[in-house]
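Chains as they are written, first to last, in numbering that gives the first Met the number 0: chain A, 0 to 346; chain B, 0 to 346.
Glycine included, every Cβ here is placed at the ideal spot set by N, Cα and C.
Protein chains: 2
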Amino acid sequence: MTIRHETAPMPASPLRLAEVAARAGVSESTVSRVLRNIGPIAEATRVAVLKAAEELGYVPNRLAGALASTGSALVGVVVPSLDNIVFAEVLRGVTERLEEAGLQAVIGVTGYDLAREERIVSALLAWRPRGLVIAGIDHTPRLRDLLAANGTAVVEMMDIDGAEPALDRRVGLSHGAAGAAMAAHLLARGYRRFGYVGHDISRDIRARKRLDGFAAELARRGVALVAEEMVAGPSSVAAGRRGLATLLAAHRDLDAVYFSNDDMAVGGYFHCEANGLRMPDDLAIAGFNGLDIGQELPRRLTTVRSPRYRIGQLAAEQILTRQGAAEAAAKPATIDVGFELIAGETA
Amino acid sequence: MTIRHETAPMPASPLRLAEVAARAGVSESTVSRVLRNIGPIAEATRVAVLKAAEELGYVPNRLAGALASTGSALVGVVVPSLDNIVFAEVLRGVTERLEEAGLQAVIGVTGYDLAREERIVSALLAWRPRGLVIAGIDHTPRLRDLLAANGTAVVEMMDIDGAEPALDRRVGLSHGAAGAAMAAHLLARGYRRFGYVGHDISRDIRARKRLDGFAAELARRGVALVAEEMVAGPSSVAAGRRGLATLLAAHRDLDAVYFSNDDMAVGGYFHCEANGLRMPDDLAIAGFNGLDIGQELPRRLTTVRSPRYRIGQLAAEQILTRQGAAEAAAKPATIDVGFELIAGETA
DNA sequence: ATAATGGATGACAGCGCTTGCATAGATGCT
DNA sequence: AGCATCTATGCAAGCGCTGTCATCCATTAT
Numbered sequence: 000m001t002i003r004h005e006t007a008p009m010p011a012s013p014l015r016l017a018e019v020a021a022r023a024g025v026s027e028s029t030v031s032r033v034l035r036n037i038g039p040i041a042e043a044t045r046v047a048v049l050k051a052a053e054e055l056g057y058v059p060n061r062l063a064g065a066l067a068s069t070g071s072a073l074v075g076v077v078v079p080s081l082d083n084i085v086f087a088e089v090l091r092g093v094t095e096r097l098e099e100a101g102l103q104a105v106i107g108v109t110g111y112d113l114a115r116e117e118r119i120v121s122a123l124l125a126w127r128p129r130g131l132v133i134a135g136i137d138h139t140p141r142l143r144d145l146l147a148a149n150g151t152a153v154v155e156m157m158d159i160d161g162a163e164p165a166l167d168r169r170v171g172l173s174h175g176a177a178g179a180a181m182a183a184h185l186l187a188r189g190y191r192r193f194g195y196v197g198h199d200i201s202r203d204i205r206a207r208k209r210l211d212g213f214a215a216e217l218a219r220r221g222v223a224l225v226a227e228e229m230v231a232g233p234s235s236v237a238a239g240r241r242g243l244a245t246l247l248a249a250h251r252d253l254d255a256v257y258f259s260n261d262d263m264a265v266g267g268y269f270h271c272e273a274n275g276l277r278m279p280d281d282l283a284i285a286g287f288n289g290l291d292i293g294q295e296l297p298r299r300l301t302t303v304r305s306p307r308y309r310i311g312q313l314a315a316e317q318i319l320t321r322q323g324a325a326e327a328a329a330k331p332a333t334i335d336v337g338f339e340l341i342a343g344e345t346a
Numbered sequence: 000m001t002i003r004h005e006t007a008p009m010p011a012s013p014l015r016l017a018e019v020a021a022r023a024g025v026s027e028s029t030v031s032r033v034l035r036n037i038g039p040i041a042e043a044t045r046v047a048v049l050k051a052a053e054e055l056g057y058v059p060n061r062l063a064g065a066l067a068s069t070g071s072a073l074v075g076v077v078v079p080s081l082d083n084i085v086f087a088e089v090l091r092g093v094t095e096r097l098e099e100a101g102l103q104a105v106i107g108v109t110g111y112d113l114a115r116e117e118r119i120v121s122a123l124l125a126w127r128p129r130g131l132v133i134a135g136i137d138h139t140p141r142l143r144d145l146l147a148a149n150g151t152a153v154v155e156m157m158d159i160d161g162a163e164p165a166l167d168r169r170v171g172l173s174h175g176a177a178g179a180a181m182a183a184h185l186l187a188r189g190y191r192r193f194g195y196v197g198h199d200i201s202r203d204i205r206a207r208k209r210l211d212g213f214a215a216e217l218a219r220r221g222v223a224l225v226a227e228e229m230v231a232g233p234s235s236v237a238a239g240r241r242g243l244a245t246l247l248a249a250h251r252d253l254d255a256v257y258f259s260n261d262d263m264a265v266g267g268y269f270h271c272e273a274n275g276l277r278m279p280d281d282l283a284i285a286g287f288n289g290l291d292i293g294q295e296l297p298r299r300l301t302t303v304r305s306p307r308y309r310i311g312q313l314a315a316e317q318i319l320t321r322q323g324a325a326e327a328a329a330k331p332a333t334i335d336v337g338f339e340l341i342a343g344e345t346a
């Protein structure tokens with residue numbers, strides 16, 4: 000039996016513009032203007048209003064504000080996963096840039112499921128967001144229609160390879176080209192018997208694009224991709240380790256293995272280390288993403304760095320700078336941030 | 000000069016309840032009820048309304064809905080960082096659980112800055128969220144006041160050690176106890192000359208609590224913490240590696256080193272590996288978090304696993320189940336999810 | 001038959017803010 | 001002094017929903 004009176008729960012914030020206005024002795028509109036810094040305001044009034052708001056601990060109701068002004072300072076961000084540091088970094092780029100502009104991110108995680116993406120985007124749209132940032136460029140037709148009919152600013156990020164036209168704007172890199180670049184690098188180093196270890200590629204479309212680019216480049220140079228090992232489930236160090244073990248059990252003669260990403264490649268690295276395989280002499284290892292962990296291994300991982308944080312920032316920026324549809328049509332729709340091949344010590 | 004007519008930008012979603020109502024031949028209230036599944040509705044009406052909404056591609060305006068009904072289906076989530084997989088996992092737990100319940104997360108990243116936390120929470124409150132989930136239990140006095148006066152459901156997560164009373168509910172573990180547990184484990188293994196390598200501990204309060212718990216347990220057993228090396232900046236594999244190198248340069252006689260977390264510890268691991276130090280014989284290494292990467296190293300890292308995903312889920316759940324303030328006062332305010340010491344092969 | 005019951009729906013007043021328009025002093029200009 | 005200009009502020013009409021209350025048929029009970 001605790002007696003609560005001083006700390007009694009207040010009737011959930013009965014604090015409105017009107018209260019502040021009353022206390023400052025001005026009208027609601029004036030308070031509204033002061034708080035949003037618009038229109039000419041006498042200095043004395045401004046001070047009085049700010050003081051009243053401060054003393055009352057007034058927090059404006061943005062729901063009402065957004066409804067009244069159409070435009071919600073909310074930006075929907077849709078990523079496929081948060082198991083992996085990759086999207087967390089993208090998210091960081093997005094939120095930081097948005098915060099500078101006073102906007103906030105509402106997030107949705109699809110689990111690489113396009114049907115779920117559709118539902119999530121729809122739910123996000125219900126907040127009438129200023130814009131939408133979505134990882135990936137592959138969507139269900141229904142989602143495309145929804146977005147097209149809706150007119151919301153949308154930025155597709157991470158990826159720029161695709162036959163489908165951009166929904167609106169894109170910020171990313173060509174995963175096909177990244178795969179091809181790695182193939183070219185490995186070929187230049189003299190490797191000829193290639194293997195691949197990946198995770199569930201039917202869901203991770205960008206990983207597939209890298210593999211396709213990789214294989215295509217090999218083919219172009221008349222070299223075959225000898226073997227592929229796909230591990231079920233999401234990418235992880237453990238999966239990469241197991242995958243390489245399986246792959247090598249069936250194909251002892253490989254001289255280089257490309258992994259779907261760095262997590263997987265680090266797993267491969269550990270497998271080699273644990274089994275006395277020297278890299279790159281006994282086996283070359285390459286990944287994708289350029290994660291820190293790969294670069295801190297005793298032997299730096301050969302990989303391709305994707306500018307994730309920057310992609311997030313740029314994506315947010317696209318939302319911020321997007322004005323009318325007219326201007327949108329004028330600007331280039333796609334920003335290719337490129338990538339950087341890191342020639343490490345494992346390949 | 001592009002002529003756009005077919006694809007002309009629509010007047011941003013002029014689609015309201017009224018349009019759907021008109022098309023279905025019923026009133027707005029009926030549409031509202033059908034869409035929210037409340038009240039008795041004739042089956043024929045339901046079908047007609049759903050059909051009209053579907054055909055029109057109607058997406059309800061939740062801003063308006065929330066404003067009218069007070070209760071916004073938005074939950075603010077505040078984390079200190081997204082550099083690290085740890086909070087990404089927490090976030091995943093939160094968003095997944097919220098999504099099941101039809102709620103959405105608006106996120107804020109503080110960068111371990113309490114002043115910024117205050118601003119972010121204030122901005123989040125402006126959306127009149129159903130609840131707030133905040134990592135950490137240390138806040139500015141002003142933030143405490145704001146939240147207390149506001150009556151919003153809030154869950155502090157990750158940490159449960161602290162003199163300050165809980166804002167509302169807590170879900171986490173005792174970092175002090177985790178540090179102490181590791182000290183006990185290492186002492187039991189016979190180590191006696193301890194070192195510590197940490198990152199910017201003035202900001203990462205939980206890392207400090209672990210260190211304090213660790214040092215206290217050593218002291219209780221009459222053992223000293225010989226040396227501490229603090230690396231500036233956030234935790235990272237690189238920082239851990241550098242930190243250990245520095246520490247050992249000054250103190251060659253240590254037999255065990257405790258790291259502020261697993262990222263740092265993995266860096267230490269690589270340092271040992273690169274310098275021919277055998278673990279645990281030449282040097283024992285221990286971390287905190289129980290990250291996958293640590294468990295996939297050739298020698299499994301000795302660490303303490305924190306149930307991050309579960310913390311996120313539970314935190315979301317607290318928001319979902321929280322009813323009135325009365326009931327809130329009745330339930331236990333703190334959930335201790337505990338932790339698990341993983342006796343790996345490095346200590 | 002007629003009243004009572006309940007299922008199905010519509011009307012309408014807000015929710016808390018923004019914003020165009022009106023108003024009222026205070027200045028400036030001729 | 002008289003009128004145009006500003007600057008500073010208030011008024012009031014919504015923004016697109018929700019929720020209460022009233023209404024209107026069908027049924028069923030009497």
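Taking the alpha carbon of residue i as the point to measure from, which residue in the options has its own alpha carbon closest?
{"i": "Ser305/A", "options": "Ala176/A, Ala249/A and Glu163/A", "result": "Ala176/A"}
{"i": "Ser31/A", "options": "Leu16/A, Tyr257/A, Leu145/A and Ala21/A", "result": "Leu16/A"}
{"i": "His174/B", "options": "Asn288/B, Arg22/B and Pro128/B", "result": "Asn288/B"}
{"i": "Ala226/A", "options": "Val78/A, Leu55/A and Ala249/A", "result": "Ala249/A"}
{"i": "Thr301/A", "options": "Val46/A, His198/A, Val336/A and Leu185/A", "result": "Leu185/A"}
{"i": "Gln103/A", "options": "Gly38/A, Pro128/A and Leu146/A", "result": "Pro128/A"}
{"i": "Phe338/B", "options": "Ala180/B, Arg22/B and Val58/B", "result": "Ala180/B"}
{"i": "Ile229/A", "options": "Leu243/A, Phe269/A, Arg298/A and Gly130/A", "result": "The residue asked about is misnamed: residue 229/A is Met in this sequence, not Ile. Comparing Cα-Cα distances from Met229/A to each of Leu243/A, Phe269/A, Arg298/A and Gly130/A, the minimum goes to Leu243/A."}
{"i": "Ile136/A", "options": "Asn149/A, Gly150/A and Pro164/A", "result": "Pro164/A"}
{"i": "Ser234/A", "options": "Glu216/A, Ala100/A, Pro79/A and Ala20/A", "result": "Pro79/A"}
{"i": "Val48/A", "options": "His198/A, Asn60/A, Arg307/A and Glu27/A", "result": "Glu27/A"}
{"i": "Glu98/A", "options": "Arg115/B, Val89/B and Ile84/B", "result": "Arg115/B"}
{"i": "Asp252/B", "options": "Arg143/B, Arg191/B and Val303/B", "result": "Arg191/B"}
{"i": "Ala342/B", "options": "Arg299/B, Ile334/B and Gln312/B", "result": "Arg299/B"}
{"i": "Ala183/A", "options": "Asp203/A, Val303/A and Ile84/A", "result": "Val303/A"}
{"i": "Val25/B", "options": "Glu272/B, Arg45/B and Ser68/B", "result": "Arg45/B"}
{"i": "Gly110/B", "options": "Leu90/B, Asp82/B and Leu131/B", "result": "Asp82/B"}
{"i": "His198/A", "options": "Gly212/A, Arg241/A and Ala218/A", "result": "Arg241/A"}
By the DSSP assignment, the alpha helix (DSSP H) with residue i in it spans what residues?
{"i": "Phe269/A", "result": "Asp261 to Ala273"}
{"i": "Ile204/B", "result": "Ile204 to Arg219"}
{"i": "Glu227/A", "result": "Here Glu227/A belongs to no alpha helix (DSSP H); instead the beta strand (DSSP E) covers Leu224 to Met229."}
{"i": "Ile119/B", "result": "Leu113 to Leu124"}
{"i": "Gly64/A", "result": "Arg61 to Ser68"}
{"i": "Val19/B", "result": "Leu16 to Ala23"}
{"i": "Gly197/B", "result": "From DSSP, Gly197/B is part of no alpha helix (DSSP H) but of the beta strand (DSSP E) over Phe193 to Gly197."}
{"i": "Ala237/B", "result": "Val236 to Ala249"}
{"i": "Thr44/A", "result": "Glu42 to Leu55"}
{"i": "Asn36/A", "result": "Careful: Asn36/A lies outside any alpha helix (DSSP H) and carries neither H nor E."}
{"i": "Asn149/B", "result": "Pro140 to Asn149"}
Answer yes or no: do residue i and residue j have a C-beta to C-beta separation smaller than 8 angstroms?
{"i": "Ala347/B", "j": "Gly194/B", "result": "Nothing about residue 347/B can be reported from this structure: the residues present for chain B run from 0 to 346 only."}
{"i": "Leu62/A", "j": "Leu296/B", "result": "no"}
{"i": "Ser259/B", "j": "Ile310/B", "result": "no"}
{"i": "Glu117/A", "j": "Leu90/A", "result": "no"}
Can you tell me which residues form a DSSP beta bridge with residue i?
{"i": "Gln103/B", "result": "Leu73/B"}
{"i": "Arg304/B", "result": "Asn288/B and Glu339/B"}
{"i": "Met156/A", "result": "Ala134/A and Val170/A"}
{"i": "Ala283/B", "result": "Ala255/B"}
{"i": "Val108/B", "result": "Val78/B"}
{"i": "Thr333/B", "result": "Arg169/B"}
Residue i: beta carbon under 7 angstroms from a heavy atom of the ligand NAP?
{"i": "Ala122/A", "result": "Looking for the ligand NAP in the displayed structure turns up nothing, as the structure carries no ligands at all."}
(request) Indicate whether the contact test is met: 3 or more Cβ pairs, each with one atom in the stretch 140–157 of chain A and one in the stretch 168–183 of chain A, closer than 8 angstroms. (result) yes
(request) Would you be able to state if there are at least three C-beta pairs under 8 angstroms between the stretch 117–128 of chain B and the stretch 81–96 of chain B? (result) no
(message) For the structure I just gave you, are there three or more beta carbon pairs, one from the stretch 62–77 of chain B and one from the stretch 290–301 of chain B, closer than 8 angstroms?
(response) no
(message) Pairs of beta-carbons, one from the stretch 268–288 of chain B and one from the stretch 222–240 of chain A, closer than 8 angstroms: are there three or more?
(response) no
(message) Does the structure place the stretch 248–259 of chain A close enough to the stretch 203–216 of chain A that three or more beta carbon pairs sit under 8 angstroms?
(response) yes
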